Amino acid sequence: MFYNKKYLFFISAYLMNLVLCFFINKHFIFSGIDFNLISVSFLIYTIILTSCFIATLMLSYLFKLLKFIFRLKSGRFATKFFWNIFSVLVYLFMFISFIKVTEY
Amino acid sequence: MLKKIPALKILDKNLKHSLIATLCFIVVTTCVYFIRDLTYSRDYILQKANEYYSKEKHFRAARYFSKAIKLNVSDAEVYKKYGTSLLKLGNYSLAAKYFGLASSIDSYDEDAYYFLGNALYRKAYETGDKEAFLQAVEYIERAIELNPDSEKLYLLAGLCCRGGEFYEKARTFYNKALASNKFNKAGFYNLIGNIFDEEGNYKEAAFYYGKAISHDNSFAVAFCNRGDMFLKTDDYESALQNYQKAVEIDETFIIAHIKIANFYYDKNNFSDSIIAALKALKINSEDNNANYILGMSYKQLGRYKESLDYLKKAAFYGNDNALKEIKRQNVL
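Protein sequence lines correspond, in order, to chains U and Y. So the first sequence is numbered by the working numbering: it starts at 2 and just counts up by one. So the second sequence is numbered by the working numbering: it starts at 3 and just counts up by one.
1. Are there 16 or more other CB atoms within 10 angstroms of the CB of PHE318/Y, so buried, or fewer, so exposed?
2. Can you pull out the residues from the segment 57-81 of chain Y whose beta carbon lies closer than 8 Å to at least one beta carbon of chain U?
3. Taking the alpha-carbon positions, what's the THR57/U to ASN85/U distance?
4. Do the CB positions of TYR191/Y and ALA214/Y come within less than 8 Å of each other?
5. Can you confirm whether the segment 43-54 of chain U touches the segment 15-26 of chain U when touching is taken to mean that 3 or more C-beta pairs between the two stretches lie within less than 8 Å?
6. Please confirm whether TYR94/Y and ARG124/Y have their CB atoms less than 8 Å apart.
7. Check whether the segment 172-182 of chain Y touches the segment 206-225 of chain Y, taking contact to mean three or more Cβ pairs, one atom from each stretch, closer than 8 Å.
8. In the structure shown, what three-state DSSP assignment does LYS59/Y receive?
9. Give the list of continuous alpha helix (DSSP H) stretches no shorter than 4 residues that lie fully inside the segment 198-242 of chain Y.
10. Chain U partners of GLY92/Y, CB-CB under 9 Å?
11. Just verifying my parser: in three-state terms, what is the DSSP assignment at ASP274/Y?
12. Using a beta-carbon distance cut-off of less than 7 Å, what residues from the segment 15-28 of chain Y approach chain U?
13. Under a CB-based cut-off of 8 Å, is THR80/U close to chain Y?
14. Would you say ILE37/Y reaches chain U, if we count a Cβ-Cβ gap shorter than 8 Å as a contact?
15. Please list, in chain order, all residues of the same chain as VAL223/Y whose beta carbon is under 7 Å from its beta carbon, the five residues on each side excluded.
16. Quick one: Cα of LYS261/Y to Cα of PHE168/Y, how far?
17. Note down, one range per segment and in chain order, each alpha helix (DSSP H) of at least 4 residues found wholly within the segment 257-308 of chain Y.
18. Count the other C-beta atoms from every protein chain shown that fall within 10 angstroms of the C-beta of LYS50/Y, then say buried if there are 16 or more, exposed otherwise.
19. Over what stretch of residues does the alpha helix (DSSP H) that includes ARG164/Y continue unbroken?
20. In three-state terms, what does DSSP make of GLN137/Y?
21. Start and end of the alpha helix (DSSP H) containing GLY119/Y?
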């Protein structure tokens, strides 16, 4: 996703993350804690991106291993493949987190 | 069809697909959120809220009560429980709001007024706002009107008044409680003594602690408090006698042991101070004051290694003076 314009992906992911943080903040209001949305959203954003990056790395190594085992030709679009996995994982992470946070 | 949209003509294929995928993602997530929200029933949310409330999981309980209220539940009991959860979580302003709503639904519910007063008191205590203390007192007075036989109401009213430094008003509440002849008189005399102590009227305070003792001569706290007053009025012998009496009554009363240790330390009797501090540490080895006095007493006797050990322990358990002393000795 947004392979040619990666900054657009990061912007859209951050905006989604901001919505997620808004819902998280709503929980903390019960405890009288009203945290700084922007700084916390950056923290959560970093956590999401880092964990997705690590997950993508692991997945790509797994694919490489599978290719080696089944003696498949290595693809020409390894970077694009890596990016696609990464962006889908970020969206998936956002979706699951949002569902969990807003669940009753 | 998408090709006909002029804005999309300038976008490359990848960007176009990415935008469509992102939009679809947002739409799906929003739909899931709203559709799921519609499926929640009030009964289910309330049942879960009460379940968490009874298990004292107040964070979750507050979340569910809040949702129940959004689903138009407007029951005084729910407001009270929600307020209680918020009170436990430390959100006093919001707790006060919901106790206020509960009291407006049932204006004869003394518990709602008591909790409202309690929430306001805690909020006032945090902010130090004197007006807020008075506001809390107003609600507690209403609760007392509804149920004059509840001891906790007089205790809280007194606390609120003392918090706002309305000492005369606090005494009035305690005297009302005493006049009703329904509560522990020694306890309320002791509280009146505390007020005089806060005002700096030590002789009067000692007199009221004495009254408390005359109603209950096994009241170790009152002996200890009276000892403090004698100490403040330079009657050292009586002070020590009172502390010793408190220890006689209750050997596990650590404060009295510490006060004795402190007393001897101030009188440069370090060996007796050590004995008293060691007795205190037998009761609670983690008491920072006892560790500090012991450390300082050893220091005065020139036993620096033991002194340092106890000062370090005292600092570890949160004694600032011990920390300063260690820093002063440049051993940290």
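Don't be surprised by glycine CBs; every beta carbon is placed ideally from N, CA and C. Note that the structure is predicted; figures quoted are calculated from it, not measured.
With the structure as the only source:
1. Stepping through the second sequence from its first residue, residue 318/Y is reached at position 316. Classification for PHE318/Y: exposed.
2. PHE61, ALA64, ARG65, TYR66, SER68 and LYS69
3. In the first sequence, counting from the first residue as 1, residue 57/U sits at position 56. In the first sequence, counting from the first residue as 1, residue 85/U sits at position 84. Roughly 9 Å between the two C-alpha positions.
4. The count along the second sequence starts at 1 and reaches residue 191/Y at position 189. The count along the second sequence starts at 1 and reaches residue 214/Y at position 212. Yes, they are a contact pair.
5. yes
6. The count along the second sequence starts at 1 and reaches residue 94/Y at position 92. The count along the second sequence starts at 1 and reaches residue 124/Y at position 122. Yes.
7. no
8. Here residue 59/Y is taken as the residue at index 57 of the second sequence, counted from 1. Coil.
9. 204-217 and 222-234
10. Against the second sequence, residue 92/Y aligns to sequence position 90. Simply SER32, GLY33 and ILE34.
11. Position 272 of the second sequence, counted from the first residue, corresponds to residue 274/Y. Three-state result, ASP274/Y: helix.
12. ASN16, LEU17, SER20, ALA23, THR24 and PHE27
13. Within the first sequence, residue 80/U is the residue found at index 79, counting from 1. No, THR80/U lies away from the interface with chain Y (no Cβ there is under 8 Å from its Cβ).
14. If you number the second sequence from 1, residue 37/Y lands on position 35. Chain U contact via Cβ: absent.
15. Mapped onto the second sequence, residue 223/Y falls at position 221. Answer for VAL223/Y: ASN192, listed in chain order.
16. Here the question's residue 261/Y lines up with position 259 in the second sequence. Here the question's residue 168/Y lines up with position 166 in the second sequence. Answer to the nearest angstrom: the Cα atoms are 29 Å apart.
17. 272-285 and 290-302
18. One-based indexing of the second sequence puts residue 50/Y at position 48. It is buried - the Cβ of LYS50/Y has at least 16 other Cβ atoms within 10 Å.
19. Sequence index remark: in the second sequence, residue 164/Y carries index 162 (1-based). Residues 153-165.
20. Position 135 of the second sequence, counting from 1, holds the residue named residue 137/Y. Correct three-state label for GLN137/Y: helix.
21. By one-based count along the second sequence, residue 119/Y stands at place 117. From DSSP, the alpha helix (DSSP H) with GLY119/Y extends over 112-129.
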